[in-house]
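Q:
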Amino acid sequence: MFAGVAPPPPAAWLPPAQSTPPAWPAGWDQAALARSFSSVGLTPPVGTEWIADSGASYHTTPTAGILSSIRPPHSSCPSSIMVGDGSCFPVTSVGDAGSLGSFRLPNVLVAPHMVHNLLSIRQFTADNSCTVEFDSSGLTVKDSASRRPLLRCDSQGPLYTLRLPPSAASPSASPSSAAFVATTSSTTWHRRLGHPGRDVLAQLSRSADLPCTRAPDEHLCHACQLGRHVRLPFSASSSHADRLFDLVHYDLWTSPVLSVSGYKYYLVVVDDFSHYSWTFPLRFKSETFSTLSHFFAWVSTQFGLNIKAVQCDNGREFDNNASRSFFLTRGVQLRMSCPYTSAQNGKAERMIRTTNDVMRTLLFQASFPLASGRRVFTQPST
983 MFAGVAPPPP AAWLPPAQST PPAWPAGWDQ AALARSFSSV GLTPPVGTEW IADSGASYHT
1043 TPTAGILSSI RPPHSSCPSS IMVGDGSCFP VTSVGDAGSL GSFRLPNVLV APHMVHNLLS
1103 IRQFTADNSC TVEFDSSGLT VKDSASRRPL LRCDSQGPLY TLRLPPSAAS PSASPSSAAF
1163 VATTSSTTWH RRLGHPGRDV LAQLSRSADL PCTRAPDEHL CHACQLGRHV RLPFSASSSH
1223 ADRLFDLVHY DLWTSPVLSV SGYKYYLVVV DDFSHYSWTF PLRFKSETFS TLSHFFAWVS
1283 TQFGLNIKAV QCDNGREFDN NASRSFFLTR GVQLRMSCPY TSAQNGKAER MIRTTNDVMR
1343 TLLFQASFPL ASGRRVFTQP ST
C-alpha cells in the first residue's frame, strides 16, 4: 500500500442470491416424480411448515425469504451443516424468523441446499419455555409450567410437521401463509365424538387436551335437531267452529295440593268459537260425568243451543259407558285424542296451563296458600 493513497472502502455485506436448483439427474424416474407431485394435496406455503427434528442442533431453512432479519454468520455458528448421508451444506447467513404466533425462532441458519425447514426441538423448547409431546397422530406443544396445550399439529405423512402460525406483525406474513391448521374446529370435533352438547365439548377441551377452537360460523347442528326428535312436530290447526257450541274442548286437571274445601280436581271447558272457558272444581273424578251433563243442560236452557261435538282425551273419566250413551242419545259427536298424543287436545291443555299460571300468581300476590286455589275461580281480583 502506498502512502497518501486511501484504501478502498470495505464492501457492504449482501446476502447471497438464491442458487438455482440443480438439474435433475438423468437416472431419476420423471414419471414417478410427476405422480408424486400430483398426489400431494394442498400444503401451507414455504415458510410455515417446519419438520420437527430432535437430532438437529439448530433451526435450518433453505431460503432467507421467510426471515425477518438477516446477518452474516458469527463465530459461534457452524460454517456448514452435515446431513444424514454425510454431505455438508454450507451456511450462508443467519437470521430470525421473528414471532410466529406466540413462538420465537431466533438464530435460524440459512443453507440453500437444504430441502425443508428443520426445527431443532432442543432449541425450540429452550427459546419458548415449552415441551413437545409426540404421539402416533402428531405432536402437541405445551407450556412448561402450566402444561397447557399451546399448539397441536397432526402429521399427514411419515414426518412430524409443525405448522406455525405467522404473526400479523411479521413482514413475511401473507394472506396465503395464514391458511394453516393448528387445531381442529369445534364443529369437526362435535361430529367426531357423536354430536355431544356444547357444555360436554367445552369440558373435554379443558380436561382432555382436546385441540378445539370455536368455528366462526358455529350454529345449531341440523343433524342433532333431527336425531333428537322424540316425535314428529304437530302442524298448527287452521280449522275452527263457525258458531257457538259447535265444538267444545274439555280436560281434567289434578291438583298436587288438596284445597281447604276438599277439592283435588277441576274440569275446564273451552268453546272453540269464542274461546270462552268454564272451570268446575271437583272432589272426585267420578263427578266428571254429572258435571258435564249439567253443563249441557245449562247451555241448552240459557243459550237455546245444543252442543254438537266435544273434543277430549281418552281418560276413563271421559271414555266410559255412561258418557258414550249420553252423547249417543243426544246426537253429539265424540272426538277423542289418540293415545299418548295430548297435542290433539291442545286448546284445553293450553287453557289449563294459562289458568294455573293465573291462579298461582294471584295466590302469591295475596299471600294465600296454594290450598286456597278454589277461591280464585269464584272471587274477582283487584
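Each position in the sequence shown, counted from 1, maps to that position plus 982 in the numbering used here.
Beta carbons are placed, not taken as given, at the ideal position from N, Cα and C, and that holds for glycine.
Note that the structure is predicted; figures quoted are calculated from it, not measured.
Any contact of the stretch 1295 to 1315 with the stretch 1259 to 1277, i.e. 3+ C-beta pairs under 8 Å?
A: Because the criterion of three Cβ pairs below 8 Å is met, the stretch 1295 to 1315 and the stretch 1259 to 1277 touch.
Q: Using a Cβ-Cβ cut-off of 7 Å (strictly less than) and excluding sequence neighbours within five positions of residue 1071, which residues of its own chain qualify?
A: 1062, 1063, 1065, 1093, 1095, 1096, listed in sequence order.
Q: What span of residues does the alpha helix (DSSP H) with residue 1107 cover, start to end?
A: Looking at the DSSP string, the run of the alpha helix (DSSP H) that includes residue 1107 is 1103 to 1110.
Q: Got a sec: is the Cβ-Cβ distance from residue 1273 to anything in chain B below 9 Å?
A: As a matter of chain content, chain B is missing from the structure shown, which is built from one protein chain.
Q: Rounding to the nearest angstrom, what Cα-Cα distance links residue 1337 and residue 1312 in this structure?
A: For residue 1337 and residue 1312, the distance between alpha carbons rounds to 30 Å.
Q: May I ask you to list the residues that DSSP assigns as paired with residue 1053?
A: In DSSP, residue 1053 forms a bridge with 1076.
Q: Could you compute how far the alpha carbon of residue 1124 sits from the alpha carbon of residue 1038?
A: If I take the Cα positions, the gap works out to 20 Å.
Q: Which value, in whole angstroms, describes the spacing of the CA atoms of residue 1352 and residue 1315?
A: Between residue 1352 and residue 1315, the C-alpha separation is close to 37 Å.
Q: Secondary structure at residue 1034, three-state DSSP: helix, strand or coil?
A: Reduced to three states, the DSSP call for residue 1034 is strand.
Q: What are the residues that DSSP puts in a beta bridge with residue 1135?
A: 1121, per the DSSP bridge assignment.
Q: Quick check on residue 1348: buried or exposed, where buried means 16 or more other Cβ atoms within 10 Å of its Cβ?
A: Classification of residue 1348: exposed, given that the 10 Å Cβ count is below 16.
Q: Taking contact to mean 3 or more Cβ pairs, one atom from each stretch, closer than 8 Å, check whether the stretch 1247 to 1263 and the stretch 1229 to 1236 are in contact.
A: Judged by Cβ distances under 8 Å, the stretch 1247 to 1263 makes contact with the stretch 1229 to 1236, as three or more pairs qualify.
Q: Pick helix, strand or coil for residue 1183, following the three-state DSSP scheme.
A: In the structure shown, residue 1183 sits in a helix (DSSP, three-state: H, G or I).
Q: Nearest-angstrom Cα distance between residue 978 and residue 1100?
A: The requested residue 978 is not part of the displayed model; the chain covers only 983 to 1364.
Q: Would you mind giving the Cβ-Cβ distance between residue 1186 and residue 1168, rounded to the nearest angstrom? I have them listed as a contact below 8 Å.
A: That belief does not hold up - the Cβ atoms of residue 1186 and residue 1168 are roughly 10 Å apart, past 8 Å.
Q: Determine whether the beta carbon atoms of residue 1069 and residue 1054 lie at a separation below 9 Å.
A: Not a contact, by the Cβ cut-off of 9 Å.
Q: Given this structure, state the Cα-to-Cα distance separating residue 1079 from residue 1046, to the nearest angstrom.
A: About 9 Å.
Q: Please list the terminal residues of the continuous beta strand (DSSP E) segment that includes residue 1292.
A: From DSSP, the beta strand (DSSP E) with residue 1292 extends over 1291 to 1294.
Q: Leaving out the 5 sequence neighbours to the left and right, which residues in its chain are closer than 7 Å to residue 1287 when beta-carbon positions are compared?
A: The answer, listed in chain order, is 1226, 1227, 1281.
Q: Please name the residue, chosen from 1219, 1210, 1172, that lies closest to residue 1327 on a Cα-to-Cα basis.
A: Checked all of 1219, 1210, 1172; the closest Cα to residue 1327 is 1219.
Q: Take residue 1290 and list the residues in its own chain whose beta-carbon comes closer than 6 Å to its own, dropping the five residues that flank it on each side.
A: Counting only Cβ-Cβ distances below 6 Å, and skipping sequence neighbours, we find 1228.
Q: Since residue 1262 is in the beta strand (DSSP E), which residue starts that stretch and which ends it?
A: 1259 to 1264 is the span of the beta strand (DSSP E), which, as asked, contains residue 1262.
Q: Would you report the Cα separation of residue 1102 and residue 1058, rounded to the nearest angstrom?
A: So the alpha carbons of these two residues sit roughly 17 Å apart.
Q: Spatial neighbours of residue 1033 within its chain, please: C-beta separation below 8 Å, excluding the five flanking residues on both sides.
A: Closer than 8 Å at Cβ, skipping near neighbours: 1098, 1099, 1100, 1101, 1141, 1142, 1143, 1144.
Q: Would you tell me roughly how many angstroms separate the C-alpha atoms of residue 1223 and residue 1243, rounded to the nearest one?
A: Straight-line Cα distance between these residues: approximately 36 Å.
Q: With distances taken Cα to Cα, identify the nearest neighbour of residue 1317 among 1293, 1340, 1309, 1324.
A: The option with the nearest alpha carbon to residue 1317 is 1293.
Q: Considering only the alpha carbon of each residue, which of 1067, 1241, 1308, 1332 lies closest to residue 1277?
A: Ranking 1067, 1241, 1308, 1332 by Cα distance to residue 1277 puts 1308 first.
Q: If residue 1246 and residue 1259 are in contact, beta carbons under 8 Å, what's the gap, nearest whole angstrom?
A: Residue 1246 to residue 1259, Cβ: 20 Å. No contact.
Q: Around the C-beta of residue 968, are 16 or more other C-beta atoms found within 10 angstroms, so that it is buried, or is it exposed?
A: In the structure displayed, the chain extends from 983 to 1364; residue 968 sits before or after that span and is not available.
Q: If you compare alpha carbons, which of 1263, 1320, 1296, 1285 is closest to residue 1334?
A: Among 1263, 1320, 1296, 1285, the Cα nearest to that of residue 1334 belongs to 1263.
Q: Just grab the DSSP bridge partners of residue 1315 for me.
A: Looking at the DSSP assignment, residue 1315 forms a beta bridge with 1291.
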